[in-house]
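Visitor: Got a structure for you, questions after.
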Amino acid sequence: MNSTQHQSDRLVLGSSPQDEAVEELAEEQEWLRVEEVTEDGVRQILWAIGPGTSLTYTEDPVSSNAYIVLVSENREMFKQVLSVIHYELMPVERRALLTSIDEARDSLNRARAVIRAGLGAPDRYDEDFFTRIRDAFASPDKWVREAAVWATAYSPWPQYRPLLEVTKQNDSEEKLRGDAAAVLAGFDSQRVEGI
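Under our numbering, residue 195 is the last one in the sequence shown; the count climbs by one each step, no gaps.
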């Protein structure tokens, strides 16, 4: 067994809730439901899949979407379960997350697409996600800018810090200045420095 931990990105399932589909798959695969917790409006369900392998389902109240994360100490089991997840649950693909921003016809849909892309962005820096979220910071629409601020919280890349600092200091909306300050406080607690 490989002692390296393998972890998927957040695999976005779509609008919350999506727990029934995940429950059905878990029953079919005979995964053991370990716990369900709800804290600060975030609902999570954890399944043990096998030795050193687990799946966490989360309903995210900020984006109003559900996502799952697979973790395994065994590379082969990780690949096998990830394949089953993609086939059975069909998480939103990377390309769809990005094109939904590009193709949004109004501010409300663009804001929804930006926050969903933030949720689905990988933990490691990705230029395509960064560019779209960065561009949303410059939107004349406050809802799109707010979505951009919160989208950065899911994958706190150092490249976001200057955008958040500018928003904190200069945005015309007091609420957005406060939101940016809150996200920056989260960056500080995770020791995310700027570039």
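Don't be surprised by glycine CBs; every beta carbon is placed ideally from N, CA and C.
Look at the alpha carbon of V183 and the alpha carbon of V149, and state the distance between them as a whole number of angstroms.
Guide: For this step, residue 183 is matched to residue 183 along the sequence shown. For this step, residue 149 is matched to residue 149 along the sequence shown. Whole-angstrom Cα-Cα distance: 7 Å.
Visitor: Go ahead and label Q18 buried or exposed: buried means 16 or more other beta carbons lie within 10 angstroms of its beta carbon, across all protein chains shown.
Guide: Along the sequence shown, one-based indexing puts residue 18 at 18. Answer is buried; the Cβ neighbour count reaches 16.
Visitor: Looking at W31: is its Cβ nearer than 8 Å to the Cβ of I49?
Guide: Position 31 of the sequence shown, counted from the start, is the residue given in the question as residue 31. Position 49 of the sequence shown, counted from the start, is the residue given in the question as residue 49. Yes. Within cutoff.
Visitor: Tell me whether D19 sits in a helix, a strand or coil according to DSSP, three-state version.
Guide: Within the sequence shown, the letter at position 19 stands for residue 19. Note: D19 maps to helix in three-state DSSP.
Visitor: Where do the N-terminal and C-terminal ends of the beta strand (DSSP E) with S54 fall, by residue?
Guide: Numbered from 1 along the sequence shown, position 54 holds the residue referred to as residue 54. Run containing S54: T53 to D60, per the beta strand (DSSP E) assignment.
Visitor: Going by DSSP, name the residue or residues bridged to V69.
Guide: Counted from its first residue, the sequence shown places residue 69 at position 69. T56, per the DSSP bridge assignment.
Visitor: Please go through the segment 80-161 and give each complete alpha helix (DSSP H) segment of 4 or more residues, from N-terminal end onward.
Guide: DSSP runs (the alpha helix (DSSP H)) wholly in the segment 80-161: 94-102, 107-120, 127-137 and 142-151.
Visitor: Have a look at the DSSP bridge pairing and note the partners of L32.
Guide: Counting from one through the sequence shown, the residue named residue 32 turns up at place 32. A48.
Visitor: Give me the Cβ distance between R116 and S63, rounded to the nearest whole Å; I'm assuming they're in contact under 8 Å.
Guide: Looking up residue 116 in the sequence shown gives position 116. Looking up residue 63 in the sequence shown gives position 63. Right, the Cβ-Cβ distance comes to about 6 Å (below 8 Å), so this counts as a contact.
Visitor: So what does DSSP say about E27, is it helix, strand or coil?
Guide: Walking along the sequence shown from the start, residue 27 turns up at place 27. Helix.
Visitor: CA-CA distance, N2 and P51?
Guide: To locate residue 2, count along the sequence shown from 1; it is residue 2. To locate residue 51, count along the sequence shown from 1; it is residue 51. Bear in mind that a pLDDT of 44 at N2, under 50, signals an unreliable position, so the model cannot answer this.
Visitor: Check E173 in the structure and name its three-state DSSP category.
Guide: By one-based count along the sequence shown, residue 173 stands at place 173. Residue state, collapsed to three classes: coil.
Visitor: How should Y87 be labelled, buried or exposed, when 16 other C-beta atoms within 10 angstroms of its C-beta is the threshold for buried?
Guide: Translated into positions along the sequence shown, residue 87 becomes position 87. Result: exposed.
Visitor: Rank Y160, Y125 and P156 by C-alpha distance to the C-alpha of V137 and give the top, closest one.
Guide: As a first step, residue 137 must be located in the sequence shown, where it is residue number 137. Correcting the residue type first, residue 137 is Phe in the shown sequence and not Val. Comparing Cα positions, the closest option is Y160.
Visitor: Give the C-beta separation of S16 and E59 to the nearest angstrom, bearing in mind that I take them to be a contact with Cβ-Cβ under 8 Å.
Guide: Looking up residue 16 in the sequence shown gives position 16. Looking up residue 59 in the sequence shown gives position 59. Indeed they touch by this definition, with Cβ atoms about 4 Å apart.
Visitor: Take A180 and list the residues in its own chain whose beta-carbon comes closer than 8 Å to its own, dropping the five residues that flank it on each side.
Guide: Within the sequence shown, the letter at position 180 stands for residue 180. Contacts found: V149, L164, E165, T167, K168 and D171.
Visitor: Going by C-alpha to C-alpha distance, which of R145, I195, T53 and A111 sits closest to R75?
Guide: Locating residue 75 in the sequence shown gives position 75, counting from the first residue. Per the Cα distances, T53.
Visitor: In the DSSP output, which residue or residues are listed as bridge partners for G14?
Guide: The sequence position of residue 14 within the sequence shown is 14, counting from 1. Bridge partners of G14: A66.
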